[in-house]
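For reference, the structure discussed in these notes is given below.
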Amino acid sequence: MTEKIRDKHDIKAALQRKGMTLTRLAEINGLNPNTFRAVWSRTNRPAEAAIASFLEAPVEQLFPDRYPIQTTRILDSKYLDTKASQKTVRENRKAAA
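To convert, count from 1 in the sequence shown and add 1; that's my numbering.
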């Protein structure tokens with residue numbers, strides 16, 4: 002794909018130029034058309050992948066705010082005080098205040 006796709010309007014225009022609609026693309030891929038229409042406001046990996054595949058563009062280019070996939074960051078257990086319960090920590094804070 003040589004054209005620059007910047008937002009949902011560009012994606013929809015590229016689909017229209019190829020004679021495709023979101024509903025038809027959903028039917029071809031065996032997915033619910035409502036999930037395709039909601040792809041602009043909610044993350045839906047299968048719908049995003051189907052759109053990217055049809056447009057022959059990387060999904061990261063079409064949805065740059067959602068990729069790369071970021072996971073929740075969990076602190077390493079060495080930073081946690083596993084011996085103290087939450088109740089003990091609260092009581093210690095009250096005593097210190």
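Glycine included, each C-beta is placed from N, C-alpha and C at the ideal position.
N-terminal and C-terminal residue of the alpha helix (DSSP H) that residue i is part of
i	result
Pro34	34-38
Ala15	9-18
Glu100	For residue 100 there is no data in the structure shown, the boundaries of the chain being 2 and 98.
Ile29	23-29
Outcome for residue i when other beta-carbon atoms lying within 10 angstroms are tallied against a minimum of 16
i	result
Ala51	buried
Ile12	buried
Arg48	The amino acid occupying residue 48 in the given sequence is Ala; Arg does not appear at that position. Classification for Ala48: buried.
Ala96	exposed
Ala15	buried
Inter-residue spacing [alpha-carbon to alpha-carbon] between residue i and residue j
i	j	result
Pro34	Ala27	5 Å
Ile29	Phe37	12 Å
Leu63	Arg7	7 Å
Tyr68	Lys19	25 Å
Leu56	Pro65	15 Å
Cβ shell of residue i (< 8 Å), same chain only, five flanking positions each side left out
i	result
Pro59	Ala53
Residues of its chain near residue i, where Cβ-Cβ distance is below 6 Å and the 5 sequence neighbours each way are ignored
i	result
Trp41	Lys9
Thr24	Pro34
Met21	none
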